[in-house]
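The next block holds one structure in the form of structure tokens; read it before the comments.
Numbering (the working numbering), first residue to last: 83 to 619.
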């Protein structure tokens, strides 16, 4: 994975881990290949600088919010502040990296000297004619793409590799051609092949959208049978795919890459077409710039020793101005409000199961019942009158862990005034399980009714949950009179219900809960999200 936080500066390039970035405050993206954009996505909430084409791809592919994208024109110099008040500034110039659509090199100039970050690039002599490099200014630090910095690896120019591909296709005039590519890059090669052989190039809808952004010739289509050249993902080219393709029509596959890859089938051809500079071109580039030091971008492949004869004398470490130091230190101490909000929203709502001893639970439950009964009697206007039993036709007591030796059904439990979302389940083995919400505001009673969850489960005064009106399915679907007795459920149902209490979120801990209704609620929720998302597009 590429990316670097430049020491003694608030600059980070292709680095999207805030922990690794440290005190960096200015973030730059060289291009949109996966190894340079790892960690970058829709949750990114800091200013990001890139080329205009990469900015469009960021919005379309990674869904990065437009408010954070700062598109800088290629070939122009831009002044950016290095502190909160603009007292210290730097100049950044974007140069075409000749690697893939939207790829650029960054030339930074400021109190730290002059730093050139190539990103992934394919060197051409015309790069040295760019005004920012042709002035002869001293490059203090060169961050170099050392992907193929190996004297033993010899790669042809892209023009020569294209000629090899054309010759190979000419030898198979009646074959379909599968070109294995990454998600971004080598679009100019496809255009050249289409014009050379006067055929349509078949693309996926995603890549067709990309070539339309590039403004290439109208030689691309998504119609499978429109042309004989097909661009496919490089991972699709395998032995099984070659057998399948050749069953319907003679087919060869071409993988244009400078990497060493195996041939999964005799009809798969590897052509050394590379978008990275080989060793000979890197040597020419460094010799022309004569930087004070070379820092490899791919850290696992050190290359400094190959360029010692082309380096200028080293410079001392620059002093960081005080405003910039304050700017950098504020980054690590006070994270942005959007980052804090995002972290808050992503925090899971923990719902736990509290286990208590049977003695403590029984004593606490008895104490609570006595205190509530006394309080109700004292405040009742008819405290002196004889008490009448209060039974709701739907308030039927269910024993979650029934005693196998019990022969009689209990009467319906009395009404309960408490609406506290809490239940105590007593097990015949002597364990008491207390279910409660750790986040009391997770769902209000009104919200539960709005989304179809019904009323919450309310504990009875007999340590048994009282069934609510959502429990009609358990009682035969008809209300029970005050003198009726419920039909006892099968022996396996209560324990299955207890498992649902223990294994489902607290907001669904109702007597009427079933896996089918849960799936329906989830489906309803996701439909509402999709409708809300489509409305914002």
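By construction, the Cβ of each residue, glycine as well, lies at the ideal position given by its N, Cα and C atoms.
All of these numbers come straight from a predicted model, not from anything done at the bench.
Could you pull out every residue in the same chain whose Cβ sits closer than 7 Å to the Cβ of residue 182, ignoring the five residues on either side in sequence?
Here the set comprises 113, 115, 266, 267, 357.
Where residue 381 falls, given that 16 or more other Cβ within 10 Å makes a residue buried
Classification for residue 381: exposed.
Quick one, which of 260, 274, 277 has its alpha-carbon nearest residue 285's?
Nearest option by C-alpha distance: 260.
Where residue 258 sits in the DSSP three-state scheme
In the three-state reduction of the DSSP assignment, residue 258 falls in the strand class.
Can you confirm whether residue 277, when its beta carbon is compared against all beta carbons of chain B, has any partner nearer than 8 Å?
Absent here is chain B; the protein component of the structure consists of one chain.
Which first and last residues belong to the alpha helix (DSSP H) in which residue 380 is found?
Where residue 380 is concerned, there is no enclosing alpha helix (DSSP H), because DSSP gives it neither an H nor an E.
Enumerate in chain order the residues of its own chain whose CB-to-CB distance from residue 184 is below 7 Å, with the five nearest sequence positions on each side excluded.
Closer than 7 Å at Cβ, skipping near neighbours: 113, 114, 133, 135, 136, 139.
So, residue 301 versus residue 290, is the Cβ gap smaller than 8 Å?
No, they are not a contact pair.
According to DSSP, residues forming a beta bridge with residue 247
Its beta-bridge partners do not exist; DSSP assigns none.
Residue 220 - DSSP class collapsed to helix/strand/coil
Three-state DSSP puts residue 220 in coil, outside helix and strand.
Simplified DSSP assignment, three categories, for residue 321
Here residue 321 sits in helix by DSSP.
DSSP three-state label for residue 266, please.
Coil, per DSSP.
Quick check for students: name the residue ranges of the alpha helix (DSSP H) that lie wholly in the segment 143 to 206, counting only runs of 4 or more.
With a minimum length of 4 residues, no continuous alpha helix (DSSP H) run stays inside the segment 143 to 206.
Considering only the beta carbon of each residue, do residue 359 and residue 372 sit closer than 8 Å?
Not closer than 8 Å, so no.
Assuming contact is defined by CB atoms lying nearer than 8 Å, are residue 243 and residue 311 in contact in what I supplied?
No, they are not a contact pair.
Less than 8 Å between the CB atoms is what I'm expecting for residue 376 and residue 226, so what's the real figure, rounded?
Going by Cβ atoms, the distance from residue 376 to residue 226 rounds to 5 Å, so yes, they are a contact pair.
Can you name, in chain order, every residue of its own chain whose Cβ lies under 8 Å from the Cβ of residue 333, other than the five neighbours on each side?
The beta carbon of residue 333 sits closer than 8 Å to the beta carbons of 257, 258, 259, 260, 324, 327, 349 from its chain, once the five residues preceding and following it are set aside; these are given in chain order.
Between residue 269 and residue 293, what straight-line distance do the alpha-carbon atoms span, to the nearest angstrom?
Each residue's Cα considered, the two are about 7 Å apart.
Beta bridge counterpart(s) of residue 226 as assigned by DSSP:
According to DSSP, which records beta bridges pairwise, residue 226 is partnered with 378.
Can you give the Cα-Cα distance for residue 621 and residue 93, rounded to whole angstroms?
Here the chain has residues from 83 to 619 only, and residue 621 is not among them.
Could you pull out every unbroken alpha helix (DSSP H) segment of at least 4 residues lying fully inside the segment 298 to 342, listed in chain order?
Within the segment 298 to 342, the complete alpha helix (DSSP H) runs of at least 4 residues fall at 321 to 330.
If you draw a straight line from the C-alpha of residue 216 to the C-alpha of residue 210, how long is it?
Cα atoms of residue 216 and residue 210: separation of roughly 6 Å, rounded to the nearest angstrom.
Given a cut-off of 8 Å, decide if residue 368 and residue 224 are closer than it, judged by their beta-carbon atoms.
Cβ atoms of residue 224 and residue 368: closer than 8 Å.
Environment of residue 165 [buried if 16+ CB atoms lie within 10 Å]:
It counts as buried.
Are the CB atoms of residue 174 and residue 162 nearer to each other than 8 Å?
Yes; because the gap between Cβ atoms is below 8 Å, this pair is in contact.
Measuring alpha carbon to alpha carbon, tell me which of 273, 232, 278, 230 ends up nearest residue 249.
Comparing C-alpha distances from residue 249 to each of 273, 232, 278, 230 shows the shortest one belongs to 278.
Assuming residue 167 contacts residue 176 under a Cβ cut-off of 8 Å, what Cβ separation, rounded to an integer in Å, is found between them?
Between residue 176 and residue 167 the Cβ distance is about 25 Å, and since that is not below 8 Å, they are no contact.
Grab me the residues of residue 191's own chain with a C-beta within less than 7 Å of its C-beta, minus the 5 sequence neighbours each way, in chain order.
Counting only Cβ-Cβ distances below 7 Å, and skipping sequence neighbours, we find 172, 173.
Run through DSSP, which three-state label would residue 293 get?
Helix, per DSSP.
For the alpha helix (DSSP H) that contains residue 127, what are its first and last residues?
Bounds of any alpha helix (DSSP H) do not take in residue 127, whose DSSP letter is neither H nor E.
Identify every residue that forms a DSSP beta bridge with residue 368.
DSSP, once it has assigned bridges, lists no residue as partnering residue 368.
Just to check my reading of the structure: residue 385 and residue 395 have Cβ atoms closer than 8 Å, yes? What is that Cβ distance to the nearest angstrom?
Contact annotation, residue 385 with residue 395: C-beta distance approximately 20 Å; criterion of less than 8 Å not satisfied.
Leaving out five residues on either side along the sequence, give the residues of the same chain with a beta carbon under 8 Å from the beta carbon of residue 365.
Scanning its chain for C-beta atoms nearer than 8 Å, with the 5 sequence neighbours on each side dropped, one finds around residue 365 the residues 388, 389, 392, in chain order.
Let me check understanding here. Comparing Cα to Cα, which of 154, 398, 272, 84 lies closest to residue 47?
The chain is shown only over 83 to 619; residue 47 falls outside these bounds and no answer can be derived.
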